[in-house]
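**Q**
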Amino acid sequence: MKTRLSFYILSVLVLGLVVNTNSQSAGKLSPTNQIKDAPTAAAKLRELYQNRNYESGYELGEKLTAQFPENLELQAWFIVNMARNDYFLSKEAVEAAKKLAENNRENAWAQFALANAYMRGLQYIQNLQKDDLQIKEAISAAERALKLNPDDEDFILLYASSLLMQKKYNEIYALLDQNSSKIKDKSRLLLMKAEVLYRQSVDEKNDEGKKKLSFKSFAKALETSPNSVNANYVYGIYLNYEKRFAEAYSQLKKAAALSPNVLHIRKDFWKTILHGQPAKTDAQRKNEVIADINSLIRLRPNSAKVLETVSAFYEESEMPDKKREVDALILKNFSQSAQAERILIWQIRRFDYFGEDKKIDEKKRLQLVQMIRDFINRPNHFDKNYLGEAYSNLFFQIKDNKNISDAELLQIAEEASKSQQIQPDKTYSMIVAALIDRKMFREGEKFVNIGFEKVKSESEAQRNSVKDEKEIKQNLNEMNSTLHSINGWLFFREARLDEAEKELETAVELNNQDLAAFNRLGQIYEAKNKFDKAEDAYIKGYSSRPSSNELNLKSLKSLYEKRGGNTENFAVYFEKVKVIERQTRKERILSAKIKDAKNISPFILKNLDAKPISLADLKGKVIVINVWGTWCAPCVREMPEIQELYKKYVNDKDVVILTINNDEDLAKVQKFMNERKFNFTVLRDENYLDNVEFPSFPRTWFVDREGKITFDIGFSDKLVEEFGWRIEEMKKMK
């Protein structure tokens, strides 16, 4: 996953998480029978929170809030610990905070809980597409909380965090200066200022002056409170963010010693062990990590959550054997846990049932089917969407099995439809296609209609997280196109040709790159003796993806022969088709030029040799910028053609080919380039992408001579040719 700085900083700053805590028992829980009153209980949860021990704060909080149910401060600290403890609890925390605030609107602690719960939830919105409503709710709650309790440093720093979400830096500095006497913990104040300075430096084109001031403030905070968990941890994290791993090592090591039970502190320390000791060999660093991991497991032997985090870390660190060991331990000792459920669903997703000849190994596929059935039959399911995914997967695996009755297949389809679908159009299209093959047309129509309803719901949900109305409309059109396509095919199989034609024409109108829809439309035209239209449909279908479109090529050949063409002459005919296809595709691609083009966000980024490259210095040239990561499979697929494109234009004084790589590990990128003998320009992200909105990886921006993004595209099927068309078109623009 891509690291997003803005959400990371939000994570650190929520509530002004930087407090001077010198406790050597940060990871220890007090027995509830030692806590005699609600104020002491609230203070204990606050202490655990400020030591970043959210898991203990949540676990103890459940007991203490039952013991003292009327104390709102205690309830608030329980909710914020819940929100920070686990991604899977963040929504639950928001609901608990909303309920608390509804019943106690004029209570400062209720608003405090609500603001924090909302802020935590914002960290999980992907691609910088933020939930505007949730942001507004968080800011509003933080404002109300401060008005109700203006003299408490927790509330002052919470409000500062809400201002940071709005990038109101000057207001934050004014707020902190005006209230500095109320913030008794000066280390906490210094850390907040340091983090705000760092964020501002990133927003202002990596302003080195502000960044230096930021790290001076971090150092001063640590000097003020050398045994503070947060002063050590936060300073270390920001050093890590600047790739200053060797400097971060001592801070994170001390934070882990001060708060030894805290999982995320340990995990960040492990990363620093791997990157922050250049004098040691790779094997030595890995052995040190393994030793520290084993010490944590001994300290917390009954935690599936610890083991899951360790497993994920081993995967990130390319230690697959260690990951398998830990996964096996979870499945053995915590077989009915949510962590085991997640391991099993990933094992199903990754199961390879193909043989060495790249053909399906039926024995392996039967093994997969049994794995899926075993998953479905588990006594408890923590995530119902995983269960729905399992039913969908099972449906796909058995749909062609004639030994499976229509009734059983239909039941599995019903179960699959109950869960939330990331791509409902694909799921329902698959279900309907299988039902069509079994001539279950009435049932197929029912699932098409359900699919349209699910697509509508998915589109509405996108409006909460995707700002770009154009992107929402495009996604909706593509999903509806898939369903109109399968619906048209259903009508065709029922010999309802006029309805089928109408549905398929709608499908290709909504998405002119759906090769299957064009092929189905061509078959309908053939059935109605509209051969010219059929030919046109097949050619357009072929044009939508010429490098992987045997379907429409086969149909074209069949139609050519049906119309009396000689098989031997098809090659000559097809050469003419390719000319038409290429021209059609070129026209479609160039017509996608952005009409109201916006300026690209400026940058000065270092290449792999640490040489800075400024976008401003390239003004007047046509610039192609590809955004990628070694972790992104489609990105990696594009890289050979990016290299070819670079070679094509390397001597063209009017064109510059750049890439921005998102990997955190520079050595991994250098290894990737060297092994493949690539020499195109790679710029290091350096947080630039944290402040640029784009929907997915890979992404390519075509920047004109004035610095405006003229084309903005995702994965490209014929990259060199199609990128070349865009570049040559832009070179003509003066």
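Numbered according to our numbering, the sequence shown spans residues -11 to 722. Idealized CB from N, CA, C, for every residue including glycine. Small disclaimer: the values here were computed from a predicted structure and weren't measured.
If G726 sits next to R687, beta carbons under 8 Å apart, how far is it from one beta carbon to the other, in whole angstroms?
**A** The question about residue 726 has no answer, for the chain in this structure spans -11 to 722.
**Q** Are Q501 and L596 closer than 7 Å when you measure CB to CB?
**A** Along the sequence shown, one-based indexing puts residue 501 at 513. Along the sequence shown, one-based indexing puts residue 596 at 608. No; because the gap between Cβ atoms is not below 7 Å, this pair is not in contact.
**Q** Can the beta-carbon of P412 be found closer than 7 Å to that of K442?
**A** For the purposes of this step, residue 412 is taken as the residue at position 424 of the sequence shown. For the purposes of this step, residue 442 is taken as the residue at position 454 of the sequence shown. Cβ atoms of P412 and K442: closer than 7 Å.
**Q** Leaving aside the five residues before and after D25 along the sequence, list all residues of the same chain whose C-beta is less than 8 Å from its C-beta, in chain order.
**A** Position 37 of the sequence shown, counted from the first residue, corresponds to residue 25. Answer for D25: F56, listed in chain order.
**Q** Let me confirm a value: V560 is counted as buried when at least 16 other C-beta atoms fall within 10 Å, else exposed. Which label applies?
**A** Here residue 560 refers to the residue found at position 572 of the sequence shown. Burial call: exposed.
**Q** For my contact list, N104 and A148 are in at a C-beta cut-off of 8 Å; report their separation, rounded to the angstrom.
**A** Residue 104 sits at position 116 when you count from the first residue of the sequence shown. Residue 148 sits at position 160 when you count from the first residue of the sequence shown. Going by Cβ atoms, the distance from N104 to A148 rounds to 13 Å, so no, they are not a contact pair.
**Q** Counting Cβ pairs closer than 8 Å, one from the segment 218 to 238 and one from the segment 613 to 621, do we hit at least three?
**A** Output reads no: the segment 613 to 621 does not touch the segment 218 to 238.
**Q** Can you tell me whether F591 is helix, strand or coil according to DSSP?
**A** Counting from 1 along the sequence shown, the entry for residue 591 is found at position 603. Three-state DSSP puts F591 in coil, outside helix and strand.
**Q** Please name the residue or residues paired with V615 in a DSSP beta bridge.
**A** Counting from 1 along the sequence shown, the entry for residue 615 is found at position 627. Answer by DSSP bridge pairing, in chain order: I648 and R687.
**Q** Using a Cβ-Cβ cut-off of 7 Å, state whether R714 counts as contacting chain B.
**A** Note that chain B does not occur in the displayed structure, where there is just one protein chain.
**Q** Counting only the same chain and skipping the five closest in sequence on each side, list residues whose C-beta sits under 7 Å from that of A30.
**A** Here residue 30 refers to the residue found at position 42 when the sequence shown is read from its first residue. Cβ neighbours of A30 beyond the five flanking positions: N59, E61, L62 and W65.
**Q** Just to confirm before moving on: does the CB-CB distance between R254 and A244 stay below 7 Å?
**A** Stepping through the sequence shown from its first residue, residue 254 is reached at position 266. Stepping through the sequence shown from its first residue, residue 244 is reached at position 256. Yes, Cβ-Cβ distance for R254 and A244 is below 7 Å.
**Q** Which residue wins for smallest C-alpha separation from R361, given the options Y341, P367 and L382?
**A** As a first step, residue 361 is located in the sequence shown; it is residue number 373 there, counting from the start. When only C-alpha atoms are compared, the closest one is L382.
**Q** Can you tell me which residues form a DSSP beta bridge with P600?
**A** Here residue 600 is taken as the residue at index 612 of the sequence shown, counted from 1. DSSP output for P600 lists K594 as bridge partner(s).
**Q** Flag this pair as yes or no: are the beta carbons of S473 and A495 separated by less than 7 Å?
**A** Mapped onto the sequence shown, residue 473 falls at position 485. Mapped onto the sequence shown, residue 495 falls at position 507. Yes, the Cβ-Cβ distance between S473 and A495 is below 7 Å.
**Q** Pick from L262, N137, L471 and V691: whose alpha carbon is nearest that of E306?
**A** Taking the sequence shown and counting its residues from 1, one reaches residue 306 at position 318. It is L262.
**Q** Mind checking which residues open and close the alpha helix (DSSP H) that includes D524?
**A** Numbered from 1 along the sequence shown, position 536 holds the residue referred to as residue 524. Residues F519 to S532.
**Q** For A355, count neighbouring Cβ atoms within 10 angstroms of its own Cβ and tell me buried if that reaches 16, exposed if not.
**A** In the sequence shown, the residue the question calls residue 355 occupies position 367. Going by the sequence as given, residue 355 is Gln instead of Ala. So Q355 counts as exposed.
**Q** Check this for me: beta carbons of A133 and Y106, under 7 Å apart or not?
**A** As a position in the sequence shown, residue 133 is number 145, starting the count at 1. As a position in the sequence shown, residue 106 is number 118, starting the count at 1. Cβ distance not < 7 Å, so A133 and Y106 don't count as in contact.
**Q** With distance defined between alpha-carbon atoms, name the residue in Q450, T572 and G376 nearest to I333.
**A** Along the sequence shown, one-based indexing puts residue 333 at 345. Among Q450, T572 and G376, the Cα nearest to that of I333 belongs to G376.
**Q** Thinking just about the alpha-carbon of each residue, which of Q122, D140, E80 and D74 is nearest to the one in W97?
**A** Translated into the one-based positions of the sequence shown, residue 97 becomes position 109. Checked all of Q122, D140, E80 and D74; the closest Cα to W97 is D140.
**Q** What do you get for T555, buried or exposed, if any count of 16 or more other CB atoms within 10 angstroms of its CB means buried?
**A** Here the question's residue 555 lines up with position 567 in the sequence shown. Counting Cβ neighbours within 10 Å, T555 comes out exposed, since fewer than 16 surround it.
**Q** Near E717, what residues of its chain come up, given a Cβ to Cβ distance below 8 Å and the 5 sequence neighbours on each side ignored?
**A** For this step, residue 717 is matched to residue 729 along the sequence shown. If we look at E717 and ignore the five residues flanking it on each side, its Cβ neighbours are L578 and K581.
**Q** Among I278, E523 and A449, whose alpha-carbon lies nearest the alpha-carbon of V565?
**A** The sequence position of residue 565 within the sequence shown is 577, counting from 1. With distances taken between Cα atoms, V565 lies closest to E523.
**Q** Just to confirm, are A129 and L102 a CB contact at a threshold of 7 Å?
**A** Locating residue 129 in the sequence shown gives position 141, where the first residue counts as 1. Locating residue 102 in the sequence shown gives position 114, where the first residue counts as 1. Cβ distance < 7 Å, so A129 and L102 count as in contact.
**Q** My assumption, with CB atoms under 8 Å, is that F699 sits in contact with F690. Please give the rounded CB distance.
**A** Taking the sequence shown and counting its residues from 1, one reaches residue 699 at position 711. Taking the sequence shown and counting its residues from 1, one reaches residue 690 at position 702. Sure, about 4 Å apart at Cβ, within 8 Å.
**Q** If you measure between the beta carbons of L145 and M180, is that distance less than 7 Å?
**A** As a position in the sequence shown, residue 145 is number 157, starting the count at 1. As a position in the sequence shown, residue 180 is number 192, starting the count at 1. Yes, Cβ-Cβ distance for L145 and M180 is below 7 Å.
**Q** Could you pull the start and end residues of the beta strand (DSSP E) that R570 belongs to?
**A** As a working note, residue 570 is residue 582 in the sequence shown. R570 -> not in any beta strand (DSSP E); alpha helix (DSSP H) instead, spanning F558 to L578.
**Q** Could you give the first and the last residue of the continuous alpha helix (DSSP H) run that contains F699?
**A** In the sequence shown, the residue the question calls residue 699 occupies position 711. Here F699 belongs to no alpha helix (DSSP H); instead the beta strand (DSSP E) covers I697 to I701.
**Q** Look at L295 and L319 and say whether their C-beta atoms are less than 7 Å apart.
**A** Working through the sequence shown from its first residue, we reach residue 295 at position 307. Working through the sequence shown from its first residue, we reach residue 319 at position 331. Cβ distance not < 7 Å, so L295 and L319 don't count as in contact.
**Q** Starting from L671, trace the beta strand (DSSP E) in both directions and tell me its first and last residue.
**A** Start at 1 with the first residue of the sequence shown, and residue 671 comes out as number 683. T669 to R672 is the extent of the beta strand (DSSP E) around L671.
**Q** Report yes if the C-beta distance between S202 and Y186 is below 7 Å; otherwise report no.
**A** As a position in the sequence shown, residue 202 is number 214, starting the count at 1. As a position in the sequence shown, residue 186 is number 198, starting the count at 1. Their beta carbons are under 7 Å apart, which means S202 touches Y186 by this criterion.
**Q** Hey, how far is the Cα of K118 from the Cα of F685?
**A** Residue 118 sits at position 130 when you count from the first residue of the sequence shown. Residue 685 sits at position 697 when you count from the first residue of the sequence shown. Because the pLDDT of K118 is 44, which lies under 50, any placement of that residue in the model is unreliable, and the question is left without a value.
**Q** Starting from the C-beta of L485, find all residues in its chain whose C-beta is less than 7 Å away, skip the five residues before and the five after it, and write them out in chain order.
**A** Counting from 1 along the sequence shown, the entry for residue 485 is found at position 497. Only I512, A515 and K516 meet the Cβ criterion.
**Q** Would L544 be called buried (16 or more neighbouring beta carbons within 10 Å of its own) or exposed?
**A** On the sequence shown, residue 544 is found 556 positions in, with the first residue counted as 1. Label assigned to L544: buried.
**Q** Using a 10 Å radius around the Cβ and a threshold of 16 neighbouring Cβ atoms, would you call L738 buried or exposed?
**A** This structure cannot settle anything about residue 738, because the visible part of the chain is limited to -11 through 722.
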